[in-house]
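Engineer:
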Amino acid sequence: MESARPGLDPAGYGHVTVVYNGADVDLVYRPDDAISRIQSHAMALLGIACTVPPALALFTEDGAELNGMLRVEKLISPGDTLTLRPRVIR
Numbered sequence: 552m553e554s555a556r557p558g559l560d561p562a563g564y565g566h567v568t569v570v571y572n573g574a575d576v577d578l579v580y581r582p583d584d585a586i587s588r589i590q591s592h593a594m595a596l597l598g599i600a601c602t603v604p605p606a607l608a609l610f611t612e613d614g615a616e617l618n619g620m621l622r623v624e625k626l627i628s629p630g631d632t633l634t635l636r637p638r639v640i641r
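Quick note, the sequence shown lines up with residues 552 to 641 if you use our numbering.
1. Taking the beta carbon of E553 as the centre, do at least 16 other beta carbons fall within 10 Å, making it buried, or is it exposed?
2. Quick one: what does DSSP say L635 is sitting in, helix, strand or coil?
3. Note the first and the last residue of the continuous alpha helix (DSSP H) segment covering A593.
4. Give the range of the beta strand (DSSP E) segment to which T568 is assigned.
5. Over what stretch of residues does the beta strand (DSSP E) that includes A574 continue unbroken?
6. Between D583 and chain B, is there a C-beta pair that is closer than 7 angstroms?
7. Under 7 angstroms, do E689 and T632 count as touching if we go by C-beta distance?
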């Protein structure tokens with residue numbers, strides 16, 4: 552069975568790497584997951600406590616902060632490297 556979307560594995564999952572302070576974790580995601588799910592999973596694997604409101608956010612390689620409420624599908628691509636770092640103050 553072949554994936555209907557480029558870059559996804561045959562089961563329909565994508566893979567990304569999240570980097571934080573020199574440590575990195577590889578994660579599997581579904582295109583319909585929220586960005587916040589990837590962030591929560593990465594933080595748990597890296598042993599980082601969650602805060603309310605969140606002090607950290609995921610950023611693309613070009614420095615764009617990803618909105619945690621949006622779906623992964625249109626924001627990242629399989630194989631991307633994301634950085635977990637402090638949120639941008641607006």
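All C-beta atoms in this analysis are idealised placements derived from N, C-alpha and C, irrespective of residue type, glycine included.
Structural biologist: The short version:
1. Because the pLDDT at E553 is just 45, under 50, the model does not fix this residue reliably, and the point stays unresolved.
2. strand
3. 586 to 597
4. Taken as a continuous stretch (DSSP letters only), the beta strand (DSSP E) holding T568 covers 565 to 571.
5. 574 to 580
6. In the structure shown, chain B does not exist; there is a single protein chain.
7. Since the displayed the chain opens at 552 and closes at 641, residue 689 lies outside it and no answer follows.
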